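Letter by letter, the sequence shown follows residues 1 to 115 of UniProt numbering. Working notes, beginning with the structure itself.
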Amino acid sequence: MSDDSIFMKIVRREIPADIVVETDDVLAFRDINPQAPHHYLVIPKRCIPSIEDLTPEDEALVGKLFLVAQQVARQQGFAEDGYRTVMNCGRDGGQDVYHIHLHVLAGRRMQWPPG
Ligand code: DGP
1 MSDDSIFMKI VRREIPADIV VETDDVLAFR DINPQAPHHY LVIPKRCIPS IEDLTPEDEA
61 LVGKLFLVAQ QVARQQGFAE DGYRTVMNCG RDGGQDVYHI HLHVLAGRRM QWPPG
């Protein structure tokens, strides 16, 4: 079932995406509905539906998501100005796609608290 997530289709190149970084197990691409001048999604190539499904075996993989976020920020030129990373979880967290993804938002001053 998880193999049918929309993001697995991007991993398998079945639907197009503007990919900016790819490693052995992580992909970063532009969000289709950007909420800031820069908005990328960093995902594992393997589908883990939500933070609630993570296990200790995923510890290194989650670390890699942040290292790729850092790589995107440097490559796209907003590392110095700063950026926000967000991973939504579940209904109240505002998660729509059940394949964990780290949002990387930049290019404007972020507000706090988030909506
Ligand atoms: P979330 O609400 O945290 O689950 O975020 C899902 C994000 O995924 C949302 O910002 C829009 C983005 N998204 C959904 N479908 C696609 C797609 O097919 N391609 C791309 N590039 N982004 C998508």
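Beta carbons are placed, not taken as given, at the ideal position from N, Cα and C, and that holds for glycine. All figures in this text were calculated on a predicted structure; none of them were measured in a lab.
The C-beta separation of residue 104 from residue 73 comes to about 7 Å, placing the pair in contact by the 8 Å criterion.
Boundaries of the alpha helix (DSSP H) harbouring residue 10: 6 to 11, taken from the DSSP string. In summary, residue 102 is buried, with 16 or more beta-carbon neighbours lying within 10 Å of its beta-carbon over all protein chains present.
The residue from 91, 46, 110, 82 with its alpha-carbon nearest to that of residue 23 is 46. Under the DSSP assignment, residue 62 falls outside any beta strand (DSSP E), being part of the alpha helix (DSSP H) whose first and last residues are 59 to 76. Cβ contact annotation for residue 70 (same chain, cutoff 8 Å, sequence separation greater than five): 79, in chain order. Exposed is the label assigned to residue 67, since fewer than 16 other Cβ atoms lie within 10 Å of its Cβ. Look at residue 44 here: in three-state DSSP terms it is strand. Counted as a single uninterrupted DSSP element, the beta strand (DSSP E) harbouring residue 84 occupies residues 84 to 86.
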